[in-house]
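Asks: In our numbering, the protein residues as written are 5 to 140.
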């Protein structure tokens with residue numbers, strides 16, 4: 005299941021993507037508009053800022069804004085930043101691979117074969133979907 009962190013992060017990013025000229029938006033505005041706890045949203049936006057997706061401006065007219073055009077923000081990046089590995093099991097992960105302790109041979113493992121298909125299809129969707137696609 006998708007975590008609330010990722011769900012709320014996507015909702016906040018879509019909110020920001022819909023702003024004209026990347027105008028900074030206060031956390032309180034996003035929180036009210038998207039029905040997200042302000043404290044929780046703050047930690048999500050901080051993660052996105054630390055990883056180069058968002059910028060912030062302090063003071064009057066301040067808030068968070070996108071650093072890139074929404075069409076240049078693929079969902080693979082967002083998902084990995086907020087959710088972690090896209091693969092459901094570590095033995096099929098592209099970026100976080102680990103051999104499963106209980107599996108003697110990945111080549112004949114039925115779970116591995118199934119999860120490779122799930123990973124590949126999920127990646128296909130995330131790679132071909134940008135923040136712009138979600139915000140239009």
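Here a beta-carbon is modelled for each residue, glycine too, at the ideal position from N, C-alpha and C.
What residue does the beta strand (DSSP E) around residue 59 start on, and which one ends it?
Replies: Per DSSP, residue 59 belongs to the beta strand (DSSP E) from 58-61.
Asks: Which runs of the beta strand (DSSP E) at least 3 residues long sit entirely within the stretch 73-138? Give them in chain order.
Replies: Listed in chain order, there is nothing to give.
Asks: Could you compute how far the alpha carbon of residue 109 sits from the alpha carbon of residue 99?
Replies: Their Cα atoms are separated by approximately 20 Å.
Asks: Return yes when the Cβ of residue 45 is within less than 8 Å of the Cβ of residue 34, no when it is not.
Replies: Closer than 8 Å, so yes.
Asks: What do you reckon, are the CB atoms on residue 127 and residue 90 nearer than 8 Å?
Replies: In contact: residue 127 and residue 90 (Cβ atoms closer than 8 Å).
Asks: Around the Cβ of residue 101, are there at least 16 other Cβ atoms within 10 angstroms (buried) or fewer (exposed)?
Replies: Looking at its Cβ environment, which holds fewer than 16 other Cβ atoms inside 10 Å, residue 101 is exposed.
Asks: When burial is assigned at 16 or more other CB atoms within 10 Å of the CB, is residue 81 buried or exposed?
Replies: Classification for residue 81: buried.
Asks: In terms of alpha-carbon separation, which member of 31, 11, 74 lies closest to residue 24?
Replies: Here the closest residue by C-alpha is 74.
Asks: Using the beta-carbon count (16 or more within 10 Å), is residue 114 buried or exposed?
Replies: So residue 114 counts as exposed.
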